[in-house]
Amino acid sequence: MSSPFGQRSGTTCVPAGSQRRLDVAELIGARPSADEAKAFSASTEDAIASEEKYRSLMQHLPTALWQVDSRRTGEVFERMRAEGVRDIAAFFEDNPDFVEFAKDVVVVSEVNRAAVTLFHAAHPGDLVRPVRYLFEADPDLAKRVMVAHFNGSRHLIEETRMLAFDGAVIDVLFSVTYPRPPEQLDTTFITIQDISARLNTERQLRKLQAEFARAARIATLGELATSIAHEISQPLTAIVSNGEASLRWLARGDHDCDKVAQLTSKIVTNARRASDIIQRMRGMAAKQELENGPVDLNDAVQEALMFIGHDVESKTIVVTAVVDPDRPIVMADRIQLQQVVINLLINSVQALVRGGAHERGHIEVRTGCDGNGFASVSIADNGPGIAEADLDRVFDSFFSTKESGLGVGLAICHTIVAAHGGEIRATNRPQGGAQFVFTMPLADRSFCRTL
1 MSSPFGQRSG TTCVPAGSQR RLDVAELIGA RPSADEAKAF SASTEDAIAS EEKYRSLMQH
61 LPTALWQVDS RRTGEVFERM RAEGVRDIAA FFEDNPDFVE FAKDVVVVSE VNRAAVTLFH
121 AAHPGDLVRP VRYLFEADPD LAKRVMVAHF NGSRHLIEET RMLAFDGAVI DVLFSVTYPR
181 PPEQLDTTFI TIQDISARLN TERQLRKLQA EFARAARIAT LGELATSIAH EISQPLTAIV
241 SNGEASLRWL ARGDHDCDKV AQLTSKIVTN ARRASDIIQR MRGMAAKQEL ENGPVDLNDA
301 VQEALMFIGH DVESKTIVVT AVVDPDRPIV MADRIQLQQV VINLLINSVQ ALVRGGAHER
361 GHIEVRTGCD GNGFASVSIA DNGPGIAEAD LDRVFDSFFS TKESGLGVGL AICHTIVAAH
421 GGEIRATNRP QGGAQFVFTM PLADRSFCRT L
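Position one of the sequence shown corresponds to residue 1 (the UniProt record's numbering), numbered consecutively onward.
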């Protein structure tokens with residue numbers, strides 16, 4: 001009989017009570033040669049060294065790492081496929097207990113030091129158990145992990161939250177890698193990275209951007225003080241006029257109640273108009289968080305036009321508004337949306353004044369859709385346009401073509417539009433003048449008219 005190393009041994013023995021001589025190789029195999037034994041020992045040592053190297057690398061990774069045995073769910077998934085299950089998400093909806101079952105049969109086999117630290121655990125053994133604890137803060141994450149596994153995905157990566165053992169909630173980047181071939185499901189790897197600091201930095205950045213935008217809005221209100229005062233003075237003048245007329249009717253002694261009621265109604269209407277103007281001013285100046293919600297784009301544009309109404313009239317500039325009759329509704333912060341429109345309108349007004357055009361200044365504002373689920377606002381003028389060399393820089397912070405300009409208005413427009421998931425661009429019109437177009441996502445993506 002040959003040994004595992006390919007040779008035979010001549011040693012024999014006779015068991016008690018037996019007359020047949022047995023080859024020892026039949027019982028225990030042949031003794032290897034010295035070279036074979038040395039090679040086998042070296043191979044074993046290499047395997048041990050490789051294992052130790054792997055474990056050392058795993059333990060010293062800065063990212064929290066879990067090795068998970070998910071063979072049980074893999075076996076169940078194979079049976080489900082054989083039985084014709086194709087829509088695993090629908091299956092989970094009908095069988096929610098399966099997800100709970102999986103949380104208990106998928107087991108953590110090993111973790112590294114970073115995982116222990118991340119979960120504020122005392123010992124690695126605290127984490128070597130069923131994976132249920134990974135989904136305490138986001139129970140639906142387990143379902144998404146299994147859907148990706150069933151559908152044959154190689155990876156699943158999500159930003160989510162984890163609940164540490166001391167009750168702390170941690171913002172994390174969660175990643176699971178499914179092995180290939182699937183027979184190696186006992187080495188499924190999960191990595192979890194703490195992104196709390198990054199998200200906090202992003203929140204602080206958004207806060208600074210909001211403060212910057214607010215400061216710009218207040219500066220804009222200062223620039224439009226004359227126009228705003230004119231807008232408020234109109235309803236106030238009407239209130240005074242109607243109030244005096246009402247008093248005169250009452251003083252005549254011939255109390256015409258219908259006439260007094262009519263005058264009083266006009267007073268109330270104009271008072272409300274003045275109040276609305278003041279409320280819009282307060283909204284522009286208020287310190288508040290970004291509040292995205294459905295906003296009627298046409299209304300937002302009309303309200304923005306109100307702010308610059310007197311300013312353009314005093315400069316003999318004509319503003320034409322062509323609004324979409326289907327009234328597109330966008331997902332946006334109303335105040336910041338108005339700020340973008342006002343800044344672009346002011347930019348056009350200033351360009352027309354600086355340009356000294358031989359014809360009367362004209363600004364056209366249009367609302368509509370771009371055909372891709374976004375609403376569009378276009379603001380075009382017949383001014384001198386933008387120098388070709390400046391087109392790529394007009395939205396840069398502190399870049400201005402005006403001698404006294406700070407270069408923040410268009411930069412803020414770009415920041416606000418980008419924060420809403422839209423885009424803004426500047427071009428020159430073939431017939432002369434500049435055109436700015438920005439987009440914002442529609443509340444209902446199925447709504448669409450082309451601008």
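Idealized CB from N, CA, C, for every residue including glycine.
If you draw a straight line from the alpha carbon of residue i to that of residue j, how long is it in whole angstroms?
i: Leu27; j: Arg180; result: Because the pLDDT of Leu27 is 40, which lies under 50, any placement of that residue in the model is unreliable, and the number read from its coordinates should be weighed accordingly. About 39 Å.
i: Arg154; j: Val365; result: 49 Å
i: Ala308; j: Leu345; result: What sits at residue 308 in the sequence shown is Ile, not Ala. Answer to the nearest angstrom: the Cα atoms are 8 Å apart.
i: Leu305; j: Ser196; result: 42 Å
i: Pro96; j: Ala90; result: 10 Å
i: Arg129; j: Arg81; result: 28 Å
i: Phe92; j: Glu83; result: 15 Å
i: Leu410; j: Gly422; result: 15 Å
i: Ala274; j: Ser348; result: 27 Å
i: Thr269; j: Arg161; result: 51 Å
i: Ser67; j: Val107; result: One point to set straight first is that residue 67 is Gln, not Ser, in the sequence displayed. If I take the Cα positions, the gap works out to 9 Å.
i: Asn343; j: Val176; result: 46 Å
i: Glu100; j: Ile218; result: 54 Å
i: Met146; j: Ala64; result: 21 Å
Measuring CA to CA, which of the options is closest to residue i?
i: Leu352; options: Asp370, Thr117, Val319; result: Val319
i: Gln193; options: Ala142, Thr415, Glu159; result: Glu159
i: Leu236; options: Glu110, Arg272, Val68; result: Arg272
i: Ala115; options: Ile335, Ile190, Ser275, Phe436; result: Ile190
i: Ile157; options: Asp390, Ala164, His149; result: His149
i: Val111; options: Thr187, Asp166, Phe101; result: Thr187
i: Val240; options: Leu205, Phe395, Arg72, Ile267; result: Ile267
i: residue 461; options: Val176, His362, Val394, Ile412; result: Nothing can be reported for residue 461: it is not among the residues displayed for the chain, which extend from 1 to 451.
i: Val131; options: Leu118, Lys143, Ala426, Val105; result: Val105
i: Glu313; options: Arg334, Cys413, Met331, Arg360; result: Arg360
i: Leu442; options: Asp370, Arg429, Ile412, Pro430; result: Asp370
i: Arg203; options: Ile379, Asp171, Gln279, Leu250; result: Asp171
i: Pro430; options: Thr415, His420, Asn382; result: Asn382
i: Ile424; options: Phe438, Thr415, Ile412, Ile416; result: Phe438
Give the DSSP bridge partners of residue i, in chain order.
i: Cys413; result: Bridge partners of Cys413: none, in fact.
i: Ala375; result: Cys369, Met440
i: Asn428; result: Ala434
i: Ser175; result: Ile157, Thr191
i: Leu65; result: Thr191
Whose C-beta lies closer than 7 Å to the C-beta of residue i among residues of the same chain, with five residues either side of it excluded?
i: Ser246; result: Val260, Leu263, Thr264
i: Val301; result: Ala321, Val323, Val341, Val365, Thr367, Val377
i: Ala426; result: Ile386, Leu391, Val394, Ala434, Phe436
i: Leu163; result: Glu136, Ala137, Val169
i: Arg334; result: Val295, Ala300
i: Asp444; result: Ile329
Hey, would you say the C-beta of residue i is under 8 Å away from at least one heavy atom of the ligand GTP?
i: Asp166; result: Only the bare structure without any ligand can be found here, which leaves the ligand GTP out of the picture.
Using a Cβ-Cβ cut-off of 8 Å (strictly less than) and excluding sequence neighbours within five positions of residue i, which residues of its own chain qualify?
i: Arg252; result: none
i: Asp126; result: Val116, Phe119, Phe165
i: Lys315; result: Val349, Leu352, Val353, Gly361
Going by beta carbon distance, what residues of the same chain come within less than 6 Å of residue i, once the five residues before and after it are set aside?
i: Leu297; result: Pro328, Val330, Thr367, Ala375
Self-check item: Residue ranges of each beta strand (DSSP E) within the region 80-167, 3 or longer
Solution: 107-111, 155-163
Exercise. Tell me the start and end of each unbroken beta strand (DSSP E) in the region 296-371 that is at least 3 residues and wholly inside, in chain order.
Key: 318-322, 329-332, 362-369
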